[in-house]
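Asks: 1 is the number of the first residue of the sequence shown in the working numbering; add one for each residue after it. Ideal Cβ placement from N, Cα and C applies to all residues, glycine included. Pasting a structure here, questions to come.
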Amino acid sequence: MGMTVKDLSSEKLLVSPSVLAADFSRLDEEIKRVEQGGCDLIHLDVMDGHFVPNLTIGPPLIKSIRKSTNLVFDTHLMITDPMKYAEVFVKSGADHITFHVEGADAPIEQVIEHIKSLNVSVGLSLKPATPAEAVFPYLDQIDLVLVMTVEPGFGGQSFMADMMPKVKAIKDEIKRRNLKVHLEVDGGLDANTITAAAEAGANMIVAGTSVFRNPEGAEKAIKVLHDAESILY
């Protein structure tokens with residue numbers, strides 16, 4: 001078994017480029033490009049056309065790109081049946097599974113336990129309308145909280161700055177309880193919005209368009225995001 005999110009420092013600012021924004025005709029090269037550019041893990045957006053209004057990638061694609069890199073595959077299941085499908089994603093190469101509090105097909109504790117039993121790390125995600133408090137009961141059982149800073153479904157949307165109080169509320173609760181839980185933000189993250197996210201306490205940054213499609217190249221884009229680390233602490 002490879003590394004999971006548990007093996008990554010929650011005291012560092014980590015960059016997780018979203019494959020959704022990559023050129024799918026040369027995915028192998030694209031992943032190598034962002035890895036060489038200094039990213040910390042790879043974000044995989046899985047959408048089922050039901051929980052969110054879009055269809056993206058599934059297990060066969062994850063399996064095919066698994067041989068491109070040893071980086072942690074940070075897999076975000078925007079699907080209605082995370083309990084049912086978690087295992088097939090792990091078998092395809094996912095090292096970490098995040099699922100939505102709004103979409104679980106079984107009690108959340110059960111889904112968390114099931115994912116843990118697959119020897120991967122586990123995260124919970126919140127849509128923009130879901131309050132911070134929805135994850136509080138589970139913070140001591142999980143490795144990551146993902147706050148969506150856009151409405152999940154499509155890449156390239158604008159960052160929702162009004163999600164930052166939610167990020168801060170979750171960070172405050174993590175600190176208050178002295179837990180090691182990564183706080184990830186996803187949606188519209190770039191050189192202009194990273195400061196607000198880091199100030200609110202996010203230490204893991206999902207960036208799609210701003211990394212894969214950056215005219216200055218992936219390395220420069222990732223460095224700009226990493227440079228916000230000084231704000232974190």
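Tell me where the beta strand (DSSP E) around residue 152 begins and ends.
Replies: Position 152 of the sequence shown, counted from the start, is the residue given in the question as residue 152. Taken as a continuous stretch (DSSP letters only), residue 152 belongs to no beta strand (DSSP E), as it is neither H nor E.
Asks: For residue 76, report the span of its beta strand (DSSP E) as first-last.
Replies: For the purposes of this step, residue 76 is taken as the residue at position 76 of the sequence shown. Unbroken beta strand (DSSP E) run through residue 76: 72-78.
Asks: At what residue ranges does the stretch 14-73 contain a whole run of the beta strand (DSSP E), taking only runs of 3 or more?
Replies: Listed in chain order, the complete beta strand (DSSP E) runs (minimum 3 residues) inside the stretch 14-73 are 14-17 and 41-47.
Asks: Taking the beta strand (DSSP E) that residue 121 falls in, what are its first and last residues?
Replies: Position 121 of the sequence shown, counted from the first residue, corresponds to residue 121. Element bounds for residue 121: 121-126.
Asks: Specify the secondary structure class of residue 204 as computed by DSSP and reduced to three states.
Replies: On the sequence shown, residue 204 is found 204 positions in, with the first residue counted as 1. Strand.
Asks: Do residue 27 and residue 62 count as a contact pair if the criterion is CB distance below 8 Å?
Replies: In the sequence shown, the residue the question calls residue 62 occupies position 62. In the sequence shown, the residue the question calls residue 27 occupies position 27. Contact flag unset, no.
Asks: With 16 as the cutoff for other CB atoms within 10 Å, does residue 287 come out buried or exposed?
Replies: Within the shown structure, residues of the chain are numbered from 1 to 233, placing residue 287 beyond reach of any answer.
Asks: Measuring CA to CA, which of 231, 212, 230 and 229 is closest to residue 37?
Replies: Position 37 of the sequence shown, counted from the first residue, corresponds to residue 37. The shortest Cα separation from residue 37 among 231, 212, 230 and 229 belongs to 212.
Asks: Tell whether a beta-carbon distance below 8 Å holds between residue 139 and residue 173.
Replies: Numbered from its first residue, the sequence shown carries residue 139 at position 139. Numbered from its first residue, the sequence shown carries residue 173 at position 173. Yes.
Asks: Please report the residue range of the beta strand (DSSP E) in which residue 225 lies.
Replies: What you label residue 225 is simply residue 225 of the sequence shown in a count that begins at 1. Segment 218-226 is the alpha helix (DSSP H) holding residue 225; no beta strand (DSSP E) there.
Asks: What would DSSP say about residue 97, mapped onto helix, strand or coil?
Replies: As a position in the sequence shown, residue 97 is number 97, starting the count at 1. Looking at residue 97 - three-state DSSP - the assignment turns out to be strand.
Asks: Quick check: the Cα distance between residue 97 and residue 170, rounded to an integer number of angstroms?
Replies: Locating residue 97 in the sequence shown gives position 97, where the first residue counts as 1. Locating residue 170 in the sequence shown gives position 170, where the first residue counts as 1. Going by the C-alpha atoms only, they are around 19 Å apart.
Asks: Give me the residue from 4, 214, 20 and 122 with the minimum Cα distance to residue 141.
Replies: In the sequence shown, the residue the question calls residue 141 occupies position 141. Among 4, 214, 20 and 122, the Cα nearest to that of residue 141 is on 122.
Asks: Quick one: what's got a C-beta closer than 8 Å to residue 226's C-beta in the same chain, skipping five residues either side?
Replies: By one-based count along the sequence shown, residue 226 stands at place 226. Contacts found: 13, 15 and 38.
Asks: So if DSSP puts residue 144 in a beta bridge, which residue, or which two residues, is it bridged to?
Replies: Position 144 of the sequence shown holds residue 144. 123 and 182.
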